[in-house]
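Take a look at the structure set out below.
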Amino acid sequence: WDDMLTEDETDTICGVYRVSTGPNGPQTTDLLWWPKPSIWNKCGLVVGYWSSDCKSWFQRRIEKLRAGVLVLKNPGDW
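According to our numbering, the sequence shown is numbered sequentially starting from 84.
Next up, the structure:
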């Protein structure tokens with residue numbers, strides 16, 4: 084059981100921001116720098132190991148981050 088990340092730990096690693104979306108009460112959406120595991124597992128890059136396609140995807144994201152053009156995504160945009 085101690086090998087599992089909590090939701091808060093996963094959110095920290097993925098760079099999750101909870102953003103207010105509504106003026107009438109506590110309505111929020113998540114914006115993420117990186118996909119959560121539940122999103123990543125559905126993306127088509129998961130083949131059981133860190134492949135060259137995974138590496139390329141990661142490097143493109145890092146390049147955009149360093150250039151200041153990386154856009155946060157909500158879970159539905161992944």
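Quick reminder that beta carbons are idealized off the backbone N, C-alpha and C, glycines included.
Residue i to residue j span [Cα, whole Å]
i, j, result
"Tyr100", "Gly131", "29 Å"
"Trp133", "Trp161", "19 Å"
"Val102", "Ser135", "34 Å"
"Leu148", "Val154", "8 Å"
"Thr112", "Asn157", "7 Å"
"Gly159", "Thr104", "15 Å"
"Pro109", "Gly127", "34 Å"
"Arg143", "Asn107", "38 Å"
"Asp85", "Asp91", "14 Å"
C-beta atoms of residue i and residue j nearer than 7 Å
i, j, result
"Trp117", "Cys97", "yes"
Anticipated Cβ contact below 8 Å, residue i with residue j, distance rounded
i, j, result
"Thr93", "Pro120", "7 Å"
For residue i, the three-state DSSP class (helix, strand or coil)
i, result
"Thr104", "coil"
"Leu155", "coil"
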